[in-house]
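Undergrad: Before I ask anything, let me first share the structure, which is written out below as structure tokens.
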Amino acid sequence: MIKSMIKSKLFWPIVVLVLILLFNLFFDRGFFSIEVRGGHLVGSLIDILNRGAPLMLISIGMTLVIATKGIDLGVGSVIAMSGAIGAMSVAGAADDSILPLFTAIGLSVGICVLAGAWNGLLVSRVGVQPIVATLILMVAGRGIAQLITGGQITTVYYEPYSYIGGGYLFLLPFSIFIVAAVFAIAMFLTRKTAIGLFIESVGSNPDASRLSGINSKNIILMVYIFSGFCAAIGGLILSSNVASADGNNAGLWYELDAILAVVIGGTSLMGGRFFLMGTLVGALIIQSLTTTIYSVGVPTEYNLVVKAIVVLIVCLLQSPEFRKRLTGAFGSKKGVKSTKDKGVTLS
Amino acid sequence: MQNQTPRLAMEGIVKEFPGVKALSDVNFQLFPGEVHALMGENGAGKSTLIKVLTGVYSIDGGTVTLEGNPIHVNSPLEAQELGISTVYQEVNLCTNLSVVENIFIGRQIMKKGRIDWKEMNRQADELLKRLNLNIDVTKLLSSYSVAMQQMIAIARALNVQAKVLILDEPTSSLDRDEVNQLFDVIRNLQKEGLAIVFVSHFLDQIYEISNRITVLRNGEWIGEYMTKDLPRLELVEKMIGKELNELTSISKGKGDEVQTEKRESFMEVENLSKTGNIQPFNLDIHEGEIVGLAGLLGSGRTELARLLFGADKPDTGEIKIKGVKKQLNSPKQAIANRIAFCSEDRKAEGIIPELTIRENMILAMQGTKGWFRFIPKKKQIEIADEYVELLNINPPNPEQLIKNLSGGNQQKVMLARWLITNPELLILDEPTRGIDIGAKTEIMKLMVSLSEKGMSILFVSSELDEVLRTCDKIAVLRDRKKVSEISNKDHKTQHDIMKEMAGGM
């Protein structure tokens, strides 16, 4: 029982997450307390979930892209685009009508899905390497976002818009429900239809997949579109949360955090098997890390360095080889024995 | 020539890998000024022998002497320093560097701590002139043809004071004119007294350029012959082996021969070709017929099979299935027409290593169903269990990752993947390669019983006895061309097929 738990891909990420959360207890006795205030649940944990929502969303999309041996560097810019489109289209709207809200959502999601399709077409039909193809959108998308906002931060005074990222439903932040819904859609599509199997097979061995009659081009196109969709919603949440459109900084470096979350979650950058649940935990690790660094009072300028160190530790902990060495260094015989078992195989 | 001392002599060479004897007691001698062809089918041990000689692998037994002195080669670098140079099949150069950079990479001529370009250009020019090549050495390698690159690779190999030059399939990507150009160079080097080892699958070329032939089979030394004294047919026999485990239990009931003629045609192929892969050919495959594709390695067997499956696009010709003209532009279309193709390259084109046995099995079937008509997990498990038992797959656990299985069991999973799609034409490309005798027999029995149920099978194999035992009709390929079609009736023997495979008589 315990053994199978340790073998599970989720084990180490969860251990790390729990450690980070426990670490906070030293500095803030009330870290785990959650109370009802003004009809909302309030507490640090809720806060992490709420603030981590955009990252969790785009990491879900990123997971599928990475499973096909691809990568999507454009998501940060798509977040900026989505936020800019959403906020600008409701900028002058009156509070009493709810229609502009849906126009905003429709416009953002529609355009960002097109952006994802653009990436997908470049990769699957034109044959551009994913990292190059999505780099184009990474640059262009932010440029478009800046054009839309005119390079300014535009504040939105339209109340319904801020519900997406700042509203509450059944005591909980609304954004958590959005994440849950998108996660459920992703889980359904990949585990209850054949799409998950095809994604894994295309990522693991594209030639063999083609010879098995799988249209890998459409699979690849689909994951980039989905990634664009996730980034669109993430962008709406972010911009709605601060009730403004910021083409310059919204979603900056999010693509890198998302890639990290995916890798921490156990999905290999070499494609193949993917772990959506692991990705969620990975995203939460990164978010709690950020929150912790702020709440512990590390000066802001140390933020990135501390984050890098912790991420390095997480990645090392996940490597079976490193753990073996670590236990080997403490004199355990386990490590020695298992290296002996590795026979040389003829290929 | 025989009285000379050999420049290189390898005696009683043994090389073992865990569980496999790759070379056992192999001899090889090489005289100055000769081109010595090393022949053998896949897995014969040619490349192992070359790797042993060039220090890629260590030797487990036997001696190597170079110009009378025993040597121990521990690394490719050492081999080069001793004067043993190799040019590999794939041009091993950097196309984005200049010719001169490629020739001197790793051993640049230095002057006062800086690279002496003038001297290097001069020496490169000189080297290439030796090969009768007059080209601008400062241009990028990519600006020259593949043949030229191949020769530049030879120049690079000669740059060190080479005594022995090994050419491993140097002609596989060259056209006829380029081959001639290369052969001129080889003859020049031969005159200079260089000892050359030549590995190639093209019989014509072997007979054109080589003086002497050493044949290996299954890691064993079969013999050494003067090329002019060894007829082609004998060479092929020696490469393939003659042990006729004559038609035994699995032999197909020959009583239904007459019926074969009457059976409906499943696929008619006319004039199908792809430049550089296979010349135009015709082929008829009837329902319930097992058609064998025989030919030496590199004769175009796989290339032909891939065209029938839509894995490659043909340049000319057409395919009719049950009398209706079809375009097979992708495997997906071929599968929709009930064709299945089990690739010979299991690793690269067969298994999905990260997935389980079950997932690998249902992949092609799910491919036909598309994204949303997902085969329920329960059904998947049922199918997987059934085929694990039917094909005797070990370990009998469908949730095991396929990459952990042995070659034979992986092959069975591949078979299952295609049988599950219930094809009308099953193309099996070397399904028995690299698997043990027991599994081989099982697979052949299965083929026969499937054909009796009406499935057509195209059986590509280099094992002639297997082809003879199972096939109704055998198409023979040579040098990327279909040369004949033999009906397997009147007690054909391996000899008959070999004659066609060797040709040139």
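If you read the sequences in order, they're chains A and B. When we follow the numbering used here, the leftmost residue of the first sequence carries the number 2, and every step to the right adds one. When we follow the numbering used here, the leftmost residue of the second sequence carries the number 338, and every step to the right adds one. The beta-carbon is built from N, C-alpha and C at its ideal position, and this holds for glycine as well. Given the structure is predicted, the values throughout are model-derived calculations rather than measurements.
Starting from B:Thr-551 and walking both ways along the beta strand (DSSP E), at which residues does that stretch end?
TA: Here residue 551 of chain B is taken as the residue at index 214 of the second sequence, counted from 1. Element bounds for B:Thr-551: 549–554.
Undergrad: Which residue marks the beginning of the beta strand (DSSP E) containing B:Met-792, and which one marks its end?
TA: The residue labelled residue 792 of chain B in the question sits at position 455 within the second sequence. It is not in any beta strand (DSSP E) - B:Met-792 carries neither H nor E in the DSSP assignment.
Undergrad: Strictly below 7 Å CB to CB, what residues from chain A border B:Ala-648?
TA: On the second sequence, residue 648 of chain B is found 311 positions in, with the first residue counted as 1. Those are Leu-212, listed as they occur along chain A.
Undergrad: Just verifying my parser: in three-state terms, what is the DSSP assignment at A:Trp-13?
TA: Within the first sequence, residue 13 of chain A is the residue found at index 12, counting from 1. DSSP places A:Trp-13 in helix when its eight states are reduced to three.
Undergrad: May I have the straight-line CA-CA distance separating B:Lys-591 from B:Val-785, to the nearest angstrom?
TA: Reading the second sequence from its first residue, position 254 is the one you call residue 591 of chain B. Reading the second sequence from its first residue, position 448 is the one you call residue 785 of chain B. Caution is warranted here: a pLDDT of 45 is assigned to B:Lys-591, below 50, making its placement in the model unreliable, and no coordinate value can be reported.
Undergrad: Identify the continuous beta strand (DSSP E) that holds B:Val-820 and give its terminal residues.
TA: The residue you call residue 820 of chain B lines up with position 483 of the second sequence. Taken as a continuous stretch (DSSP letters only), the beta strand (DSSP E) holding B:Val-820 covers 818–824.
Undergrad: How would you write the range of the alpha helix (DSSP H) that A:Asn-120 sits in, first residue to last?
TA: Residue numbering aside, residue 120 of chain A sits at position 119 when the first sequence is read from its first letter. First-last of the alpha helix (DSSP H) with A:Asn-120: 100–122.
Undergrad: Taking only three categories from DSSP, how would you classify B:His-832?
TA: The sequence position of residue 832 of chain B within the second sequence is 495, counting from 1. Note: B:His-832 maps to helix in three-state DSSP.
Undergrad: I believe B:Ile-658 touches B:Asn-674 by the beta-carbon criterion, under 8 Å. Please report the beta-carbon distance rounded to the nearest angstrom.
TA: Walking along the second sequence from the start, residue 658 of chain B turns up at place 321. Walking along the second sequence from the start, residue 674 of chain B turns up at place 337. Their Cβ separation, rounded to whole angstroms, is 5 Å, which keeps B:Ile-658 and B:Asn-674 in contact under 8 Å.
Undergrad: Take the Cβ of B:His-623 as the centre, count every other Cβ of all protein chains shown within 10 Å, and call the residue buried at 16 or more, exposed below.
TA: As a position in the second sequence, residue 623 of chain B is number 286, starting the count at 1. With 16 or more Cβ atoms within 10 Å of its Cβ, B:His-623 is classed as buried.
Undergrad: What are the boundary residues of the alpha helix (DSSP H) that A:Cys-231 is part of?
TA: Numbered from its first residue, the first sequence carries residue 231 of chain A at position 230. It spans 217–242 - the alpha helix (DSSP H) in which A:Cys-231 sits, taken as one unbroken run.
Undergrad: Any beta-carbon of chain A closer than 8 Å to the one on B:Gly-625?
TA: Working through the second sequence from its first residue, we reach residue 625 of chain B at position 288. False, the Cβ-Cβ gap to chain A never drops below 8 Å.
Undergrad: Taking the C-alpha atoms as reference points, what is the distance between A:Val-133 and A:Val-306?
TA: Working through the first sequence from its first residue, we reach residue 133 of chain A at position 132. Working through the first sequence from its first residue, we reach residue 306 of chain A at position 305. Going by the C-alpha atoms only, they are around 27 Å apart.
Undergrad: Can you give me the C-alpha to C-alpha distance between A:Gly-39 and A:Ala-141, rounded to a whole angstrom?
TA: Along the first sequence, one-based indexing puts residue 39 of chain A at 38. Along the first sequence, one-based indexing puts residue 141 of chain A at 140. In a straight line, the C-alpha of A:Gly-39 is about 43 Å away from that of A:Ala-141.
Undergrad: Is there a C-beta anywhere in chain B that falls below 8 Å from the one on A:Lys-193?
TA: What you label residue 193 of chain A is simply residue 192 of the first sequence in a count that begins at 1. Yes, A:Lys-193 counts as interfacial toward chain B.
Undergrad: Is A:Asn-249 close to chain B? Criterion is C-beta to C-beta, closer than 8 Å.
TA: Translated into positions along the first sequence, residue 249 of chain A becomes position 248. No - not a single Cβ of chain B is within 8 Å of the one on A:Asn-249.
Undergrad: At least one CB of chain A closer than 8 Å to the CB of B:Lys-715: is that the case?
TA: Counting from one through the second sequence, the residue named residue 715 of chain B turns up at place 378. False, the Cβ-Cβ gap to chain A never drops below 8 Å.
Undergrad: Kindly indicate if chain B contains any beta-carbon less than 8 Å away from that of A:Glu-256.
TA: On the first sequence, position 255 is the one that residue 256 of chain A refers to. So no, A:Glu-256 is outside the interface.
Undergrad: Would you decide whether B:Gln-717 is buried or exposed? Buried here means 16 or more other CB atoms lie within 10 Å of its CB.
TA: As a working note, residue 717 of chain B is residue 380 in the second sequence. With 16 or more other Cβ atoms within 10 Å, it is buried.
Undergrad: Apart from the five residues just before and just after A:Ile-145, which ones in its own chain have a Cβ nearer than 7 Å to its Cβ?
TA: Position 144 of the first sequence holds residue 145 of chain A. Met-82, listed in sequence order.
Undergrad: Would you kindly work out how many angstroms separate the C-alpha atoms of A:Val-124 and B:Leu-414, rounded to a whole number?
TA: Residue 124 of chain A sits at position 123 when you count from the first residue of the first sequence. Residue 414 of chain B sits at position 77 when you count from the first residue of the second sequence. Looking at the two C-alpha atoms, the distance is approximately 40 Å.
Undergrad: May I ask you to report which of helix, strand or coil DSSP gives B:Glu-624?
TA: Here the question's residue 624 of chain B lines up with position 287 in the second sequence. Coil, per DSSP.
Undergrad: Out of B:Gly-625, B:Asp-621, B:Ile-676, B:Val-628, which one is the CA nearest neighbour of B:Phe-646?
TA: The residue you call residue 646 of chain B lines up with position 309 of the second sequence. Nearest C-alpha to B:Phe-646: B:Ile-676.
Undergrad: Between B:Pro-732 and B:Arg-817, what straight-line distance do the alpha-carbon atoms span, to the nearest angstrom?
TA: Counting from 1 along the second sequence, the entry for residue 732 of chain B is found at position 395. Counting from 1 along the second sequence, the entry for residue 817 of chain B is found at position 480. Between B:Pro-732 and B:Arg-817, the C-alpha separation is close to 40 Å.
Undergrad: Under three-state DSSP, which class holds A:Val-299?
TA: Taking the first residue of the first sequence as 1, we reach residue 299 of chain A at position 298. It is coil, neither helix nor strand.
Undergrad: Please work out which residues of its chain come closer than 8 Å, Cβ to Cβ, to A:Gly-152, disregarding the five sequence neighbours upstream and downstream, and give them in chain order.
TA: The residue given as residue 152 of chain A occupies position 151 in the first sequence. Excluding positions up to five away in sequence, the list reads Gly-248, Asn-249.
Undergrad: Name, please, each residue of chain B whose Cβ falls closer than 7 Å to the Cβ of A:Gly-273.
TA: The count along the first sequence starts at 1 and reaches residue 273 of chain A at position 272. Neighbours of A:Gly-273 on chain B, chain order: Glu-691.
Undergrad: Could you tell me which of A:Ser-45, A:Val-180, A:Ser-9, A:Ile-294 sits nearest to A:Gly-236, measuring between CA atoms?
TA: Numbered from its first residue, the first sequence carries residue 236 of chain A at position 235. Of the listed residues, the one whose Cα sits closest to A:Gly-236 is A:Val-180.
Undergrad: Could you tell me if the beta carbon of A:Gly-167 falls within a distance shorter than 7 Å of some heavy atom in the ligand ATP?
TA: The ligand content of the structure shown is nil, which means the ligand ATP is not present either.
Undergrad: Enumerate, from N- to C-terminal direction, the unbroken beta strand (DSSP E) stretches of 3 or more residues contained entirely within the stretch 479–531 of chain B.
TA: Taking only runs of at least 3 residues, the beta strand (DSSP E) segments lying wholly in the stretch 479–531 of chain B are 501–505.
Undergrad: Cα separation between A:Val-264 and A:Ala-68?
TA: Taking the first residue of the first sequence as 1, we reach residue 264 of chain A at position 263. Taking the first residue of the first sequence as 1, we reach residue 68 of chain A at position 67. Distance between the alpha carbons of A:Val-264 and A:Ala-68: 11 Å.
Undergrad: Can the beta-carbon of A:Thr-291 be found less than 8 Å from the beta-carbon of A:Gly-279?
TA: Translated into the one-based positions of the first sequence, residue 291 of chain A becomes position 290. Translated into the one-based positions of the first sequence, residue 279 of chain A becomes position 278. Cβ atoms of A:Thr-291 and A:Gly-279: not closer than 8 Å.
Undergrad: Taking DSSP as the reference, what is the three-state secondary structure of B:Gly-392?
TA: Taking the first residue of the second sequence as 1, we reach residue 392 of chain B at position 55. Here B:Gly-392 sits in coil by DSSP.
Undergrad: Would you call the stretch 184–201 of chain A in contact with the stretch 686–706 of chain B, where contact means no fewer than 3 C-beta pairs closer than 8 Å?
TA: The stretch 184–201 of chain A vs the stretch 686–706 of chain B: in contact.
Undergrad: Span of the alpha helix (DSSP H) holding B:Glu-723?
TA: By 1-based counting over the second sequence, the position of residue 723 of chain B is 386. Per DSSP, B:Glu-723 belongs to the alpha helix (DSSP H) from 714–727.
Undergrad: Cβ atoms of B:Asn-525 and B:Leu-468: under 8 Å apart, would you say?
TA: By one-based count along the second sequence, residue 468 of chain B stands at place 131. By one-based count along the second sequence, residue 525 of chain B stands at place 188. Result yes, Cβ atoms of B:Leu-468 and B:Asn-525 sit closer than 8 Å.
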